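Visitor: Those letters in the sequence shown? Residues 1 to 208, per the numbering used here, in order.
Note that CB positions come from ideal geometry on N, CA and C, so glycine has one too.
None of the values given here were measured: they were computed from a predicted structure.
Mind looking over this structure? Questions follow.
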Amino acid sequence: MISQMLPTVVTYAVLTASPGPGNMAIGAVAARHGRRPGLTYAAGLLAGGFVWAVLAATGISTLLVAATGLLTALKILCAAVLFWLAWKSMRTAFRGKHLTEARDRDDAPNWLVLARRGFLMQVSNPKAVITWTAVMAVGLHAGSRPAVLFVTIGICEILGMTIFAAYALMFSIGVVARGYRRAYRWVEGALGIVFTAAGIRLLTASRL
């Protein structure tokens, strides 16, 4: 069991820790609003990733790929979410107010809004799909014993929260947060480009 889980967990850790739209968004939220909002957004990301984990573990994702119509609808829906996130980032980049050196915790969205945004980000994030597809390909499949599936997904979720929390903690550090606040329009513009590119890639890809 351990020999089957180890390469799976390592694959998940490497792919999750590598920079992507979700990690960049955690950093932006934590740098602008503080550690707790960043962790809340990260929790939403984790919940979104869990959806893809369950789909992959139960084999439903394979059925979606096989059903062309459903796959196309899913890709359009996910791309729409990414384009919406891109529009919000671009609007902030071009029309956002000047940020002071102090974090604007009072202007931070409430925890439910932050968690929802994180969830929507992850369920529409191509990187999340790639991560769980790779995890299944390395050591798991729909026919694996339920105990192996549940334990592996649980370990990956704990590991994912640890990685996401590390991003939130790192970007909430004073010197990092101040650097973001000085260049936040550039950062938000970069996020907008990343989200747009991810949406286009999702629409033009032959598969998820």
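#1: Helix or strand or just coil, what does DSSP make of Gly44?
#2: Is Ile158 helix, strand or coil when you go by DSSP?
#3: Determine contact between the stretch 146-159 and the stretch 71-86, defined as no fewer than three beta-carbon pairs at a distance below 8 angstroms.
#4: What are the boundary residues of the alpha helix (DSSP H) that includes Ile200?
#5: Rank Ala190, Leu6, Ile130 and Arg32 by C-alpha distance to the C-alpha of Thr16 and give the top, closest one.
#6: Pick out whichever of Val175, Ser89 and Ala115 has its Cα sitting closest to the Cα of Arg226.
#7: When the Cα of Val113 is compared with those of Gly44, Ile26 and Ala190, which residue comes out closest?
#8: Quick one: measure Cβ to Cβ for Gly48 and Met121, integer angstroms, because I've assumed they're closer than 8 angstroms.
#9: Answer with buried or exposed for Ser18, where buried requires no fewer than 16 other C-beta atoms within 10 angstroms of its C-beta.
#10: Confirm, please, whether the CB-CB distance from Leu203 to Ser89 is below 9 angstroms.
#11: Determine the contact status of Thr53 and Glu188, defining contact as a CB-CB distance below 9 angstroms.
#12: Just how far apart, CA to CA, sit Lys127 and Gly160?
#13: CB-CB under 7 angstroms to Gly164, same chain, minus the five flanking residues each way: which ones, in chain order?
#14: Taking the alpha-carbon of Ile7 as reference, which of Ala166, Gly22 and Ile153 has the nearest alpha-carbon?
Guide: By the coordinates alone:
#1: helix
#2: helix
#3: no
#4: Tyr184 to Thr204
#5: Ile130
#6: Residue 226 is absent from the structure shown; the chain starts at 1 and stops at 208.
#7: Gly44
#8: 7 angstroms
#9: exposed
#10: no
#11: For the sequence presented, residue 53 should be read as Ala rather than Thr. No. Outside cutoff.
#12: 13 angstroms
#13: As written in the sequence, residue 164 is Phe, which differs from the Gly given in the question. So the list reads Ile26, Ala42, Leu45 and Leu46, once near-sequence residues are dropped.
#14: Checking the displayed sequence, the identity of residue 7 turns out to be Pro instead of Ile. Minimum Cα distance to Pro7 is reached at Ile153.
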